[in-house]
Amino acid sequence: DERYAKDLSEFKNLHVRVSLKGTNPQEFSRLTGAKPEAFELALKALKNLLDQGVSCHPAVMLSFSPREALVNLKRRLEELDPSLPRNLEEEYVFLYPHVEERLKRAGIRPLLSYHPGQIPKRLR
11 DERYAKDLSE
21 FKNLHVRVSL
31 KGTNPQEFSR
41 LTGAKPEAFE
51 LALKALKNLL
61 DQGVSCHPAV
71 MLSFSPREAL
81 VNLKRRLEEL
91 DPSLPRNLEE
101 EYVFLYPHVE
111 ERLKRAGIRP
121 LLSYHPGQIP
131 KRLR
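Just so you know, we're using the numbering used here here: the sequence shown kicks off at 11 and counts up by one.
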């Protein structure tokens, strides 16, 4: 909330990473099990942090997102602050055995993922 962002602004050596989980409310809900409208809370957190001058950046899991969804998310982030799309941290699923099992049980298939030992250097 706004008070928490204000409290964080008192720290000079602080940077906050805000995980969006998905590119839109539907993805967010599918991946987290939370209500879709809760996606907006992370965007509001970014706005509150920026309004208070707190260094921050967004991160998003893209393994389950079509390219168009990323484009739309970047547009929304741009509306909050032009720096946000440029500083967006892209995350991808690494298919460790326990992760594969959880995804399988949940009936979720990533569009893009990597097996351990095949993770590109740019993602390590």
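Ideal Cβ positions, reconstructed from N, Cα and C, are used throughout, including at glycine.
Query, Result
"Can you list, in chain order, the residues of its chain whose CB lies under 6 Å from that of residue 84, leaving out five sequence neighbours each side?", "95"
"Residue 21: buried (16+ other C-beta within 10 angstroms of its C-beta) or exposed?", "exposed"
"According to DSSP, is residue 44 helix, strand or coil?", "coil"
"Within a Cβ cutoff of 6 Å, which residues of the same chain sit near residue 60, ignoring the five residues on either side of it in sequence?", "91"
"What first and last residue would you give for the alpha helix (DSSP H) that runs through residue 27?", "Here residue 27 belongs to no alpha helix (DSSP H); instead the beta strand (DSSP E) covers 25-29."
"How is the beta strand (DSSP E) around residue 125 delimited, first residue to last?", "Looking at the DSSP string, residue 125 is not in any beta strand (DSSP E), and its letter there is neither H nor E."
"Helix, strand or coil, according to DSSP, for residue 65 in the structure here?", "strand"
"How should residue 58 be labelled, buried or exposed, when 16 other C-beta atoms within 10 angstroms of its C-beta is the threshold for buried?", "buried"
"Just reading off the alpha helix (DSSP H) that residue 12 is part of, what are its end residues?", "12-18"
"So what does DSSP say about residue 104, is it helix, strand or coil?", "strand"
"Less than 8 Å between the CB atoms is what I'm expecting for residue 51 and residue 68, so what's the real figure, rounded?", "That belief does not hold up - the Cβ atoms of residue 51 and residue 68 are roughly 13 Å apart, past 8 Å."
"Using a threshold of 8 Å, state whether the C-beta atoms of residue 5 and residue 116 are closer than that.", "Nothing in the structure corresponds to residue 5, since the chain is present only between 11 and 134."
"Give the DSSP bridge partners of residue 10, in chain order.", "The requested residue 10 is not part of the displayed model; the chain covers only 11 to 134."
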